[in-house]
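The next block holds one structure in the form of structure tokens; read it before the comments.
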Amino acid sequence: MGSSSSSMSSGSRSTGAVYTKKLYFDPNADSPEGRDYWITDSELRETLSELVDVTERIIEVRYYKHPLGSWQLMDNVLHHAFIVFETNKWWWSIEKNDEGVTIQRSKDFDSVCYRYRRTKRKTSIGKGVEMVKKASGSSTVMELINHIWRKDYLNQEYDLLTYNCQHFADLLYEFI
């Protein structure tokens, strides 16, 4: 999996991780090999427009959560949240963490729902990836990309308390 280099910015508040202000895009998350991309805010609309069919309509959106680590017995409050959506041709996931925003695309649902950057998502005893809610989609992939750009989501620093994965997932679920 080749990727372009990415420069790092300041550390995320409350986590110590480095927030990149970039979008990681994997257009073929179900493939064992393939190219991935690190995209800046200024490149977002043009680059994704070249890589995907932006006219695809989002059919359904789903909100998922999973434990932060194997040590967790309950995940009512402390959990990672992300969005999975379906178009006519693909399954997609989008999420934010203390490194940046990630979009994955695959023909295979499991590759975007149960894996993050081609690695199995975190689970704990009795807790795995869980769908919280779902709804019909009402936008296109291009409208979603424009929304992310207009709202400046890539440049908004991750903060464990005030702007985390759950906040991001809530905002995108409501938009889609």
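Residues in the sequence shown are numbered consecutively from 1493, following the numbering used here. C-beta: ideal position from N, C-alpha, C; glycine also.
Asked, Found
"For Gly1620 and His1558, believed in contact at Cβ under 8 Å, the rounded distance", "6 Å"
"Proximity to Lys1599 [Cα-Cα], best of Ala1509, Val1510, Ser1523, Tyr1516", "Ser1523"
"Arg1607 vs Ala1661 beta-carbon contact at 9 Å", "no"
"Among Tyr1516, Ser1631, Cys1605, Arg1610, the one whose alpha carbon lies nearest that of Glu1525", "Arg1610"
"Cβ pair count under 8 Å reaching 3, the segment 1620–1632 against the segment 1534–1541", "no"
"Nonlocal neighbours in the same chain, by C-beta distance under 8 Å from Tyr1674, ignoring five residues either side", "A query on residue 1674 cannot be resolved here, the shown segment of the chain reaching from 1493 to 1668 and no further."
"Cβ neighbours of Trp1641 in the same chain (closer than 8 Å, five flanking residues each side left out)", "Asp1533, Leu1536, Arg1537"
"Cα-Cα separation, Glu1587 to Phe1577", "11 Å"
"Secondary structure of His1659, DSSP reduced to three states", "helix"
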